[in-house]
Every structure is written in structure tokens, then in C-alpha cells.
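Only one structure is covered here, and it is reproduced in the block below.
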Amino acid sequence: MNMLFLLIVSVMTLATFLIVLPPLWRKQPVAAADMDQRNIAIARQRLAELKEQLQAGALSQALYEEQLAELEQALSDDLDIGRVSSVPISILPSSMAVESQVPALRGQGRWMAWVLVLAIPFVAGSLYWALGNYQSLTRVPQTAAANQATPEREKMISMVAGLAERLEKQPDDAQGWLMLGRSYKYLEESPKAVAAFEHAYKLMGDQPEIMLLYADALAYVNNEELAGKPAELVFKALAIEPDNVTGLWLGGMAKAQTGEFVAAMALWKKLETLLPPGSDAQHEIQGLMAKLATQIPEGTAQAESKAAQPAAIPTPSPAAASIAVQVSLAPELQKSASPTDTVFIYAQALSGPQMPLAIVRKQVSELPLTVNLTDAMAMIPTTARDGGSAAIGREPMRPMKLSNFEQVRLLARISKSGNAMKQPGDLIGVIEQVALTNKSSDKSLHKIVINSQVK
């Protein structure tokens, strides 16, 4: 690295010299010397003319001497050679002007070249010493240094490699696979950790510890996304151990990532009560809940309090419910939506929590369309006993699904952001009330026209 840097600096310095020095070193045209030669030639010609006029009797001796003196004075002024008396043209050598002026002109600029040869490297080196970072020439990048194995890390890598080799010969060692997964997780080799935890899970079955380790590793290699297999493992583990701290943490994250903020809040509130009071972990979960609270629609908390009162809970319908909904976009709003914008079609309770009882996600390009909203489309089809409001000391809530409500509101909303939360600028259509009293399903077709904008 040092040799390369010095080579680059040397080439750049040489290039600078090749640009700057030649013009200073090159002989310059001596324009002043040429002018002096012309002035001398003119003066000699004029002198010859005066002599001819004197010999011809055209000039008197006095007039001749007067004009000669003027000619010599004029030539002295033109040559500007610093003499107090006039120049006697008769004794002036023809090369006098060149010899007196050219040496100075030839030497002009040579001293500057030598100054630059010394000054450029010195000034550049001084500036780099003061402002640069010469130590970086030999410094190992931090990322590379971080990846370099310390003696302890090398020892652990060797032990893990030995364990992996042993498990290839003894693949039924469940505890060995579990230890290997933990080791790979410590070494931040997540794909290998996933494979090891998968082996342990297959051998040990539905044990919460294994399922949560496996889910966490899967989410890590999937950019921290818990949707799919990780979430399935997390909630399966919570069904076995409802008070598992890791399970409640991951379960809340999984719900928050899918926009089920009320369910996430319930899980984290339960987790808050299980953590040591005043601990860093409790403070962290409290901060997350404060942020999550800003994502929950206004009025949800108050509505949940009303729904918690037994007298306010109607008798649930034992049969599943379904509602046929036809959705179209008003012509005047066609240009306000893009074909790839998300369309949410859902039902809400007229009172109580505003979480959708059933929801379908489509795109504007599919409009107009007809869908059936059913209990199977509920966002949280479980009761509060599965980790909802009962976890924080309230009366159980009824399951949030269509068949447990007598009347619902139907909505269709176009979201440019794809966010399940209603936001200003969204396009929306609403049917304020649909009765489901004494019916397991509503057979009529309910038509929603998306014709307004959320303010």
C-alpha cells in the first residue's frame, strides 16, 4: 500500500513539473532586442544622410552638429540604457542593444523554475502531514479487522467445526443440534444457525424454546420479517407457554409488522408485567408501546373499554357469517388512483373497536370486483383469553369476527402507501349500516362506490 501511494504521488508530481517548468525554462523571444536593433539602424541611416548633406553644403557645420546631438539624444532615449549623456552613434556597436538587454531577458524565469522544483514537493508534503492521515496507509480497515479471528474466536470456530463434524455422524443428537445452532448464532452465521435449529426442532418437536430459537433465526435471515413460518412457530409456542417472555416479544413484533397494532399492544402489555420493574428491558418495551399507541386509530381504547362491559355485548351468533360486497371506483376519481394502488375492503363494528372484522386486500387494477367477507377473513379471530385484554386485567372481549355482531359498517379504501391505517389522501367509499340480525349470512349484494377522499 505504501509503495503504491508513493508511486502515485511521484507520477502526479512529475506530471506537474512537466506542465509548469517547460514554459519557464524555454528561451523567450527577445522583442526588446529587436526594437533596439531597428532604432540603431535608423539612427545610422539618418547619420549618413546628415553627413551627405554636410558634404553637399546643404547643412552648415553648426546645424549639422545640432541635428547630430538631437539624433544621439533620441537614440539614447530609445535604447534606455541608463546613461546620462547621449550615445555617440559613431562608436555604438551594432550588437550593443542586444548584448545589454538579452542576458537579463534570457535569465528571467529560470530562478522561478528552481523555486518551484523545491517548493511543490515541500508544500504538498507539509499540507498532507498537517491535514492528511498518513497512518491510514498501513491501517487495516475496521470491517476487515473485525472479521479477523482472535485466538478465542479461532478456538470457538474450531470447536464448532468439530461439533458439526460429529453431528454428521450422529444426526439424532437433538441437544447437539441445539448447541450447534446457538454457536452459529453467536458467530453470526445465521443461515447455518437456521439449519441447525431446524434439525433440533425435527428431533425435539413442539418445545417452545426450540420453536422460538428457530423462529428468531428464520426472521434474522429474512431481514427481521416474522411473517410466515416464524410467526407460525411463535404463536404455536405461545399457545403452549402463554407467559413465555421471548414468545410475547416476538409475537408483538409479528403483529405490529402486519398492522395488527391492538393485538401487538396486548401482547407487549402482558410482557411488561412479566419483566423486572425498572429494568432496561421493561423501559424498552414501554418505549415501543408508546410508539405503537400512535399507530392505533383514535377512539379504539375508549371503544374497547365500552366493549369490556358485559351488558354491552350482544349474544354472539353461533354460525359463520358472510357478506357479498361489490366495489367500484367513481369515474371522477379514476385519474387519482394508480392501477397498483392497494384496495382494502372490510367490515367494522358500528361500536367498539374499529379493527376490521373481516378484510380483503386487492389492487385498483382489479376494480370493479365482488368479494365475500367471511369469518375466515378476521384479523384476530381469537378471544381475549389468548393474549388480549384479559392479559392486562380486563373482562374478556368477544372474538372480533362478523358472526358476533348484529350490524356492521362496510368500507372500501384505496391506499397509495399500502398502509392498513387510514391516512389523509386515501380514497374511500362507505355503507354505514348493514344488518346481520338473526342471519348466519347476508345474501344480498352490497355495492360500494369509492367516491370521496380522506381529509
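Heads up: take any position in the sequence shown, counting from 1, add 1291, and you land on my numbering. We put the beta carbon where it would ideally sit given N, CA and C, even for glycine. Remember, predicted model here, so these are calculated numbers, not experimental data.
Checklist entry - Among A1667, E1443, V1300, which one has its Cα closest to the Cα of N1695? => result Out of A1667, E1443, V1300, A1667 has the C-alpha closest to the C-alpha of N1695.
Next on the checklist: Here's the rule: buried if 16 or more other CB atoms are within 10 angstroms of the residue's CB, otherwise exposed. What is W1468?
Outcome noted: W1468 comes out buried.
Next on the checklist: So, under 8 Å CB-CB, P1630 and S1656 are touching, yes? Tell me the CB distance rounded to an integer number of Å.
Outcome noted: About 4 Å separates the two Cβ atoms, so the contact holds.
Next on the checklist: So, at 8 Å on beta carbons, what are the nonlocal neighbours of T1661 in its own chain, with the 5 sequence-adjacent residues on each side left out?
Outcome noted: These residues qualify, in order along the chain: A1615, V1616, Q1617, V1618, L1736.
Item to check | First and last residue of the uninterrupted alpha helix (DSSP H) at I1531 | outcome: Per DSSP, the unbroken alpha helix (DSSP H) holding I1531 starts and ends at 1520-1531.
Item to check | Span of the alpha helix (DSSP H), counted from its first residue to its last, around T1537 | outcome: Segment 1536-1548, the alpha helix (DSSP H) holding T1537.
Next on the checklist: Could you pull the DSSP bridge partners for Y1637 from this structure?
Outcome noted: Beta-bridge pairing links Y1637 to I1650, L1702.
Checklist entry - Between the C-alpha atoms of S1443 and L1478, what's the straight-line distance to the nearest angstrom? => result One point to set straight first is that residue 1443 is Glu, not Ser, in the sequence displayed. Near 12 Å, if we compare the C-alpha coordinates of L1478 and E1443.
Checklist entry - What number of angstroms, rounded off, separates the C-alpha of L1620 from the C-alpha of A1465? => result If I take the Cα positions, the gap works out to 57 Å.
Item to check | Cβ separation of A1506 and L1541, assumed to be a contact under 8 Å, to the nearest whole Å | outcome: Taking 8 Å as the upper bound for CB-CB distance, A1506 and L1541 are in contact here, some 6 Å apart.
Checklist entry - Identify the residues that DSSP records as bridge partners of L1664: which are they? => result The secondary-structure analysis by DSSP pairs L1664 across a beta bridge with I1614.
Item to check | A1547 to V1651 span [Cα, whole Å] | outcome: Taking the CA atoms as reference points, A1547 sits about 18 Å from V1651.
Checklist entry - Are the stretch 1518-1533 and the stretch 1487-1502 in contact at 8 Å, needing three or more beta carbon pairs? => result Yes: the two stretches touch, three or more of their Cβ pairs being nearer than 8 Å.
Checklist entry - Is the stretch 1633-1643 in contact with the stretch 1698-1718, if contact means three or more CB pairs nearer than 8 Å? => result Result yes; three or more Cβ-Cβ pairs closer than 8 Å.
Checklist entry - What are the boundary residues of the alpha helix (DSSP H) that E1563 is part of? => result 1552-1565 is the extent of the alpha helix (DSSP H) around E1563.
Item to check | I1331, buried or exposed, once every other Cβ within 10 Å from all chains shown has been counted against 16 | outcome: Buried is the call here.
Item to check | Neighbourhood of K1692 by C-beta, 6 Å cutoff - its chain only, sequence neighbours within 5 removed | outcome: Cβ within range, chain order: L1648, D1666, A1669, P1672.
Checklist entry - What span of residues does the beta strand (DSSP E) with L1724 cover, start to end? => result The sequence as given places Gln at residue 1724; Leu does not occur at that position. Segment 1718-1726, the beta strand (DSSP E) holding Q1724.
Item to check | Per-residue DSSP class, three states only, for Q1645 | outcome: Coil.
Next on the checklist: For D1632 and K1707, which I take to be in contact (beta-carbon distance under 8 Å), what is that distance rounded to the nearest angstrom?
Outcome noted: Rounded to the nearest angstrom, the Cβ distance from D1632 to K1707 is 5 Å, consistent with a contact under 8 Å.
Checklist entry - With a Cβ-Cβ cutoff of 8 Å, do L1362 and L1338 count as a contact? => result In terms of Cβ geometry, L1362 and L1338 form a close pair [threshold 8 Å].
Checklist entry - Comparing alpha-carbon positions, which option in G1716, D1717, K1738 lies nearest Q1724? => result Among G1716, D1717, K1738, the Cα nearest to that of Q1724 belongs to K1738.
Checklist entry - Roughly how many angstroms lie between the CA atoms of E1356 and L1407, to the nearest whole one? => result The straight-line gap from Cα to Cα measures roughly 54 Å.
Next on the checklist: What does the Cβ neighbour count give for T1585, buried or exposed, with the cut at 16 atoms within 10 Å?
Outcome noted: Classification of T1585: exposed, given that the 10 Å Cβ count is below 16.
Next on the checklist: Assuming contact is defined by CB atoms lying nearer than 8 Å, are W1559 and I1576 in contact in what I supplied?
Outcome noted: At the C-beta level, W1559 and I1576 come within 8 Å of one another.
Checklist entry - If you drop the 5 nearest sequence neighbours on each side, which residues of the same chain put their C-beta closer than 6 Å to that of V1257? => result Here the chain has residues from 1292 to 1746 only, and residue 1257 is not among them.
Checklist entry - Which first and last residues belong to the alpha helix (DSSP H) in which P1499 is found? => result Segment 1499-1512, the alpha helix (DSSP H) holding P1499.
Checklist entry - What residues in its chain sit with their C-beta under 8 Å from that of L1341, if we drop five residues either side in the sequence? => result The beta carbon of L1341 is closer than 8 Å to those of L1350, Y1355, Q1358, L1359, L1362 in its chain, skipping five residues each way along the sequence.
Next on the checklist: Run through the DSSP bridge pairs and tell me what L1736 is partnered with.
Outcome noted: Answer by DSSP bridge pairing, in chain order: A1615.
Item to check | Exposure of A1368, with buried meaning 16 or more beta-carbon neighbours within 10 Å | outcome: Contrary to the premise, residue 1368 reads as Asp rather than Ala in this sequence. With fewer than 16 other Cβ atoms inside 10 Å of its own Cβ, D1368 counts as exposed.
Checklist entry - Over what stretch of residues does the alpha helix (DSSP H) that includes L1569 continue unbroken? => result Per the sequence presented here, residue 1569 reads as Gly, with Leu not at that position. Run containing G1569: none; DSSP gives neither H nor E here.
Next on the checklist: Please report the distance separating the alpha-carbon of I1683 from that of A1522.
Outcome noted: Because I1683 sits at a pLDDT of 36, beneath the cut-off of 50, its placement in the model cannot be relied upon, and the following sentence gives the value as read from the coordinates. Pairing I1683 with A1522, the inter-Cα distance amounts to about 22 Å.
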